[in-house]
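Reviewing the structure listed below.
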Amino acid sequence: MRLIPGILALSLAFVLVEAAPASAAAPGGRLLVLDDRDGGQGVFSMRARGGDVRRLNLNIPPYGHPDYSPDGKRVAYTDVWSVYTVKADGTDRRWVIDGPSVPAYPRWSPDGTEVGFESGNIMAGAVAAPAGRPVYTASDSGSLTFDWSPDGRFVAVVQSWAVGGEPWDPVYARDIWIARSDGSNVARRLTTRAETWDPYRIAWSPHGRTLAVEALGDLWTIDVRTGAVTNLTATPGVAESSPIWSPDSRVLAFGRQAAGATGPQVWLRPAAARGDAGRSLSVTGIPTSWH
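Residues -24 to -1, 1 to 267 in mature numbering (1 follows the signal peptide of the UniProt record, and there is no 0) are what the sequence shown spells out, letter by letter.
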């Protein structure tokens, strides 16, 4: 792995708070949901406790992955070659930046000044000015996914790299790193399970202690300091995906698709629960952001 100079500055310093007892009964705030029930990739806003579903006037690709700004007033997303923001109701579209390749899975920086996105490497575009810069660059990488630390000075990165196969048909494995992005070439490998799992989407808890990860059709958590990995679901015949945290770190929203179903539904579960826990919000799609 190699980091290049000029990466956006981050450092591992967390304000850790004690979480209240977990409950998925009546969480507050709103969710963004990406849903293909109308034949396209529609974007909806809804109450996190369920109900009040509102469609935003957006049709975006699956990798457009809408994300609330930290103050909840705007939504970032990608469409073809560009990153955009709109008001939370879907109006007032503003261009942010074009990616060096197709930009995907945008994530607001915690201070709201930039939108990070995946585009071969992880990049960030300044919201107030048309400027971009690398956040994380790694050699021999097949793909990267990421999330910001809650203090905005670190990134958790799911990185894949070639472990075999042929030059024209490599075999990739994935693991997770915690990386500074200040150009110091500092990164810490958090997991060493490349041969036994396949992490994909990742979300850093607001309290800073835990990563939620989608891997092998289950939801997992990882202790940021120790790298200890826990399978939360272990549900044969059910695929869980796309975990996101409630603002208080007590609840996870995720997509849940049972065997034979035509698509996932949005579910909530206490973040500390194990097994097939939680409840459905009776909405088709996957959650992408919670504010």
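The beta carbon of each residue, even a glycine, is placed where N, CA and C say it ideally should be. The structure displayed is predicted, hence computed values, not measured ones.
Notebook entry, point to check: Would a C-beta distance cut-off of 8 Å place leucine 34 and serine 21 closer than the cut-off?
Noted result: no
Next item on the list: Tell me tryptophan 124's beta-bridge partners as DSSP assigns them.
Entry: Val131
Notebook entry, point to check: Thinking C-beta only, is isoleucine 262 closer than 8 Å to proline 240?
Noted result: yes
Margin query: Within the continuous beta strand (DSSP E) that includes glutamine 241, where are the two ends?
Written below: 241 to 246
Next item on the list: Given a cut-off of 8 Å, decide if leucine 192 and isoleucine 178 are closer than it, judged by their beta-carbon atoms.
Entry: no
Notebook entry, point to check: Quick one, are the C-beta atoms of valine 259 and valine 51 less than 8 Å apart?
Noted result: no
Check: Ordered along the chain, which non-local residues of its own chain (more than five positions away) have a Cβ less than 7 Å from that of aspartate 174?
Finding: Arg150, Ala191, Leu192
Checklist line | Among Ala155, Thr61, Tyr148, Arg232, nearest to threonine 172 - alpha-carbon criterion | finding: Tyr148
Check: Quick one: what does DSSP say proline 38 is sitting in, helix, strand or coil?
Finding: helix
Notebook entry, point to check: Among Arg109, Arg23, Ile198, Ala249, which has the Cα closest to the Cα of arginine 6?
Noted result: Arg23
Margin query: Which same chain residues end up closer than 7 Å to arginine 165 when comparing Cβ atoms and leaving out the 5 residues on each side of it in sequence?
Written below: Asp151, Trp153
Note to self: One question on the structure: do valine 131 and alanine 155 come within less than 8 Å of each other, judged by their Cβ atoms?
What the structure shows: yes
Item checked: Spatial distance of serine 181 from arginine 69 (CA atoms) -> 29 Å
Check: So, are the CB atoms of proline 3 and leucine 208 less than 8 Å apart?
Finding: no
Check: Taking the continuous beta strand (DSSP E) assigned at leucine 8, which residues delimit it?
Finding: 6 to 11
Check: Quick one, which of Leu120, Ile73, Ala253 has its alpha-carbon nearest glycine 231's?
Finding: Ala253
Note to self: Looking at the secondary structure, which residues open and close the beta strand (DSSP E) in which tyrosine 63 lies?
What the structure shows: Strictly speaking, residue 63 in this sequence is lysine, with tyrosine absent from that position. Counting along the chain, the beta strand (DSSP E) containing lysine 63 begins and ends at 58 to 63.
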